[in-house]
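All remarks here apply to the structure that follows.
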Amino acid sequence: MSPRSQRMAARPVQLQQECDSSSSEDSETGSSDAEAVKKARASFARPADWMIILGAVLAACAGIVNVGALLELRTVVSHMTGLTTNLGLRLEGVRIGMFSVDGEHVDSILTGETLQGHAGLAREAMLLIASFIFGAFLCGLVIPKNALHFGGKSFYGVALIGTSILCTLCTVFSFSHLRMPAACSAACASGMQNAMCTMHLGAVVRTTHVTGTATDIGSTLGRATMIVLRAACERRRRSNLENAELEADLNKLTVLVTIFTFFFVGCFLGALTHSHLGAWTFVVPAIATGLMGVLYTCFRTKMKQQIKRMQVRRLEAEIEEVTDIVQRARSGSQHSTAAAVGSSSHGRAGAEDVDGQVEHALEVLQDMQATIQDIYDDDGDNITNGKRGTRSGRDECDSVASGGTGQSSSPLRRVGSTRA
Numbered sequence: 092m093s094p095r096s097q098r099m100a101a102r103p104v105q106l107q108q109e110c111d112s113s114s115s116e117d118s119e120t121g122s123s124d125a126e127a128v129k130k131a132r133a134s135f136a137r138p139a140d141w142m143i144i145l146g147a148v149l150a151a152c153a154g155i156v157n158v159g160a161l162l163e164l165r166t167v168v169s170h171m172t173g174l175t176t177n178l179g180l181r182l183e184g185v186r187i188g189m190f191s192v193d194g195e196h197v198d199s200i201l202t203g204e205t206l207q208g209h210a211g212l213a214r215e216a217m218l219l220i221a222s223f224i225f226g227a228f229l230c231g232l233v234i235p236k237n238a239l240h241f242g243g244k245s246f247y248g249v250a251l252i253g254t255s256i257l258c259t260l261c262t263v264f265s266f267s268h269l270r271m272p273a274a275c276s277a278a279c280a281s282g283m284q285n286a287m288c289t290m291h292l293g294a295v296v297r298t299t300h301v302t303g304t305a306t307d308i309g310s311t312l313g314r315a316t317m318i319v320l321r322a323a324c325e326r327r328r329r330s331n332l333e334n335a336e337l338e339a340d341l342n343k344l345t346v347l348v349t350i351f352t353f354f355f356v357g358c359f360l361g362a363l364t365h366s367h368l369g370a371w372t373f374v375v376p377a378i379a380t381g382l383m384g385v386l387y388t389c390f391r392t393k394m395k396q397q398i399k400r401m402q403v404r405r406l407e408a409e410i411e412e413v414t415d416i417v418q419r420a421r422s423g424s425q426h427s428t429a430a431a432v433g434s435s436s437h438g439r440a441g442a443e444d445v446d447g448q449v450e451h452a453l454e455v456l457q458d459m460q461a462t463i464q465d466i467y468d469d470d471g472d473n474i475t476n477g478k479r480g481t482r483s484g485r486d487e488c489d490s491v492a493s494g495g496t497g498q499s500s501s502p503l504r505r506v507g508s509t510r511a
């Protein structure tokens, strides 16, 4: 065989090796990108609607309490930054009053107040800070987890009723002209409420003050804007990873803006109520939190069962959606493979379309996983009628994860066999 013939015979082998190497690199890159997309989506999961509503109501109640205390008691009760600042300031005033001589310091409120005045204001700041911390401590005694979970062993009803009682005590003390006991009761109620739901899947949610919320809104909005601008300036479509990051940021913004808005609305309502009712302003949040606490305590089981049924129905809908997506992705993959023979550009477009469908399917699967986790992370008191169905759903999801091909008429079994 001539050298030219040998080269021609060896060329297909070289091409095959190059294709195999390229395929291996693409597979590794695709796996790494899929893992990054998964982490980006897992960085924040949007809370259930009832959680957002609960947080919004509590934020409005906190705004009413804070404005009511400012107007009626002449102090803030949930602004720990301001109270801590005032404490340090007044302690310096005490030092000046005890150890300094006239004319030694620059004229300010520190030199314009007497020693007794500084000492009294410092004592008030310490009492309010201690009351807020004590309220959070009481909440920690009955709610051991910092992630809000409906219907579990935690006594959210007790915490809500406790907040209502403290707001009622604030009203009683206000009418009795006991200013500091009233302020301490309001601060304790704020601390208890704030500790009730401090974190949910990566989103720090403080319902009694908005400094951290405003900071998170700004930083999250900045990240989302940069993702959009970067893709626009480069005149390209956003990647799957960028879309996942943008989706997580927008979901987080929804929660943060809701909390911020309702706190603002609560502040306005607090000022409006105080203009007409005076100290009775504190009764409004007392009624709201007390009503929620009683409803939770008395109807927790029924409400939990209803939520479980909604989760099961949502799970079934997502299973059907995944089945349809994976089947369409498989069909699109076959068509794109056939089109790639005639045109490489059509093949790449088809592959991108398939990748998008598969990414959406993975997103839905993650939502299903979160739904199943909510159903099973419980105190064992599951729905009698839905228990078997949800357990079957978990087994079928395990089949999808392992790429099982067992014969079954259920949607998840079909997804597993399709992927296989």
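Mapped onto my numbering, the consecutive letters of the sequence shown carry residue numbers 92 to 511. Virtual Cβ for every residue (Gly too), placed ideally from N, Cα, C.
Reduced DSSP category for residue 546 - H, G, I as helix; E, B as strand; rest coil = Shown here, the chain extends from 92 to 511; a query on residue 546 therefore has no answer.
Cβ neighbours of residue 175 in the same chain (closer than 7 Å, five flanking residues each side left out) | 220
For the 8 Å Cβ check, are there 3 or more pairs between the segment 196-211 and the segment 157-167?
-> no
Pull up the CB-CB distance for residue 274 and residue 166, whole angstroms please, since I reckon it's below 8 Å.
-> 5 Å
Anyone know if the C-beta pair for residue 223 and residue 171 falls short of 9 Å?
-> yes
Taking 8 Å as the threshold, find out whether the segment 348-357 comes into contact with the segment 303-313 through three or more Cβ pairs.
-> yes
Ignore the nearest five residues each way along the sequence and tell me which others in residue 473's own chain have a CB closer than 6 Å to its CB.
-> Low confidence applies here, because residue 473 scores a pLDDT of 47, under 50, leaving its location unreliable and the question unanswered by this model.
Please go through the segment 141-174 and give each complete alpha helix (DSSP H) segment of 4 or more residues, from N-terminal end onward.
-> none
Leaving aside the five residues before and after residue 247 along the sequence, list all residues of the same chain whose C-beta is less than 6 Å from its C-beta, in chain order.
-> 387
Please confirm whether residue 341 and residue 315 have their CB atoms less than 9 Å apart.
-> yes
Under 9 Å, do residue 356 and residue 258 count as touching if we go by C-beta distance?
-> no
Could you give the distance in angstroms between the alpha-carbon of residue 276 and the alpha-carbon of residue 313?
-> 39 Å
Unbroken alpha helix (DSSP H) runs of length 4 or more, entirely within the segment 274-331: which are they?
-> 302-324
Take residue 173 and list the residues in its own chain whose beta-carbon comes closer than 8 Å to its own, dropping the five residues that flank it on each side.
-> 167
Identify, in the order they occur along the chain, each residue of the same chain with its Cβ nearer than 6 Å to the Cβ of residue 322, setting aside the five sequence neighbours on each side.
-> 329
Measuring alpha carbon to alpha carbon, tell me which of 156, 337, 139 and 137 ends up nearest residue 549.
-> Since the first residue shown for the chain is 92 and the last is 511, residue 549 is missing from the structure and cannot be characterised.
Option in 370, 416 and 380 with minimal Cα separation from residue 266 | 370
Does the distance from the CB of residue 280 to the CB of residue 376 come in under 9 Å?
-> yes
Can you give the Cα-Cα distance for residue 378 and residue 269, rounded to whole angstroms?
-> 22 Å
Does the beta-carbon of residue 128 have 16 or more other beta-carbons within 10 angstroms, so that it is buried, or is it exposed?
-> buried
Which of helix, strand or coil does DSSP assign to residue 345?
-> helix
May I have the straight-line CA-CA distance separating residue 135 from residue 363, to the nearest angstrom?
-> 36 Å
Where does residue 352 sit, in a helix, a strand or coil, going by DSSP?
-> helix
Three-way DSSP call (helix, strand, coil) for residue 223 in this model = helix
In the DSSP assignment, find the unbroken alpha helix (DSSP H) run with residue 203 in it and report its ends.
-> 200-203
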